[in-house]
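Notes follow the structure.
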Amino acid sequence: MAPAPIPAPRASGFTQSTDVPLYWCAYGPAGAPRERLLVLHGGPGADHAYLLPQMLALTPEFELIFYDQRGGGRSKESVPTTVTWETQVNDLAHVITELAIDPLSMVGYSWGGLLALLYAREAAGGRMAPAPTRLALIDPAPISSVYRASFEAEFARRQAGPAIQTLRAELAASGLKESDPVAYRQRAFELSVAGYFADPDRATDLTPFRVTGRVQQSVWASLGDFDLTSDLTAVHCPAIVVHGRQDPIPLASSESIAKSLNAAFVPLDDCGHVPYVEQPAKLFSALREFLRRTATV
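Note that the sequence shown covers residues 21 to 317 in my numbering.
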């Protein structure tokens, strides 16, 4: 099934303070009394569009600012370079300053959640400013290399499992590739990410995206044998961590993040890694309650 159309942003442009122009866009009414939320997409190496249109459920109350991280989407490099976690954090700092996002409220999904935490850690050490005033993390990427290895093994197991293999066989036998190539490509994409879902049959209506493998690999490689658990105790701001119980990323990873941040922890039943598709009502209810309670204006 084709994904819902994505509306045009209220405003958009490219950053001028970064050495690679980064595409940004804004949705929702601007200005007081609505707060601004900087939304960080996953990847690394992906783009913001796959969070849409679902994340726009927050626009009646908030202005949402998105940007494509370096190497993905419309923020492609003319000459490929080695993109590291430091590159991504420095880019994020420039986006925050150039777009004057202060007070800084960040909503991070998947890798975007870990990126928000890396920035918050640097800000806590006085290396970045402004520090975040609050953090909303949605199924954040693993907090350590051990949890990341567990995630990769579980995702591979699911993708090779009988449920998804049956769906692949059904697609191959459907004749859709010849009769409707666009619909075939859409369904093939959905099955390529079905292992993220609690129920692979619910991997539908997704906005397709591509990951720049070179960027993804270089960012993860730059983190090495990482574990941010103890570093996060220096981050002091209101925070919430939402995590699907059936996410291939271990629930314990997000529990550890929440404990280190002294944050609210909201596990979602019958939900994998994509709560904005699998459990949107529960996700947005939890986010709205947190954001209203911690309002900065």
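Cβ atoms here follow ideal geometry from the backbone N, Cα and C, with glycine treated the same way.
Between the region 221 to 229 and the region 139 to 158 there are fewer than three C-beta pairs closer than 8 Å, too few to call the two in contact. Burial is judged here by how many other beta carbons sit within 10 angstroms of a residue's own beta carbon; Gln89 has at least 16 and is buried. Residues Arg90, Gly91, Val235, Ser238 and Val239 of the same chain have their beta carbon placed closer than 7 Å to that of Val103, with the five preceding and five following residues left out of the count.
By the neighbour-count criterion, in which a residue is buried when 16 or more other Cβ atoms sit within 10 angstroms of its Cβ, Gln206 is buried.
The beta-bridge partner set that DSSP reports for Phe82 consists of Glu55. Between Ala306 and His263, the alpha-carbon positions lie close to 11 Å from each other.
Phe34: member of the beta strand (DSSP E) spanning Ala31 to Phe34, first to last residue. Taking all protein chains in view, the Cβ of His256 is surrounded by fewer than 16 other Cβ atoms within 10 Å, so the residue is classified as exposed. In this structure, Met148 places its C-beta atom within 8 Å of the C-beta atom of Ala113. Counting only runs of 3+ residues, the beta strand (DSSP E) found wholly inside the region 68 to 128 occupies 82 to 87, in chain order. A residue is called buried when at least 16 other Cβ atoms come within 10 angstroms of its Cβ; Gln185 does not meet this threshold and is exposed.
Contact check for Ser273 against Ile163 passes: the beta carbons are separated by less than 8 Å. In the three-state reduction of the DSSP assignment, Phe304 falls in the helix class.
In the DSSP assignment, Ala46 falls within the beta strand (DSSP E) that extends over Tyr43 to Tyr47. For Gly133, the secondary structure class from DSSP, reduced to helix, strand or coil, is helix. Between Met126 and Leu71, the beta carbon gap of about 14 Å keeps them out of contact (Cβ cut-off 8 Å). For Val115 against Thr35, the beta-carbon gap comes to about 6 Å, under 8 Å, which counts as contact. Beyond the five residues adjoining it in sequence on each side, Pro287 comes within less than 7 Å, by CB distance, of His263, Arg265 and Leu271 in the same chain, given in chain order. The beta carbon of Pro123 sits closer than 7 Å to those of Thr153 and Thr316, all from its chain and outside the five residues before and after it, given in chain order. For Ile277, the uninterrupted alpha helix (DSSP H) run begins and ends at Leu271 to Leu281, by DSSP.
Ala278 sits buried, since 16 or more C-beta atoms from the chains shown fall within 10 Å of its C-beta.
It is roughly 39 Å from the alpha-carbon of Ser199 to the alpha-carbon of Val99.
Shortest Cα-Cα distance from Arg230 to any of Asn282, Ala156, Ala151 and Ala69 involves Ala69. Here DSSP, grouped into helix, strand and coil, assigns Ile184 to helix. Just measuring C-alpha positions, the residue of Leu226, Pro23, Ser276 and Pro258 sitting nearest Ser250 is Ser276.
Boundaries of the alpha helix (DSSP H) harbouring Gly233: Gly233 to Leu243, taken from the DSSP string. Shortest Cα-Cα distance from Gly63 to any of Arg30, Phe246, Leu134 and Glu118 involves Leu134. Of Pro228, Thr38 and Tyr216, the smallest CA-CA separation from Tyr204 is found for Pro228.
Here the alpha carbon of Ala169 sits roughly 32 Å from the alpha carbon of Trp44.
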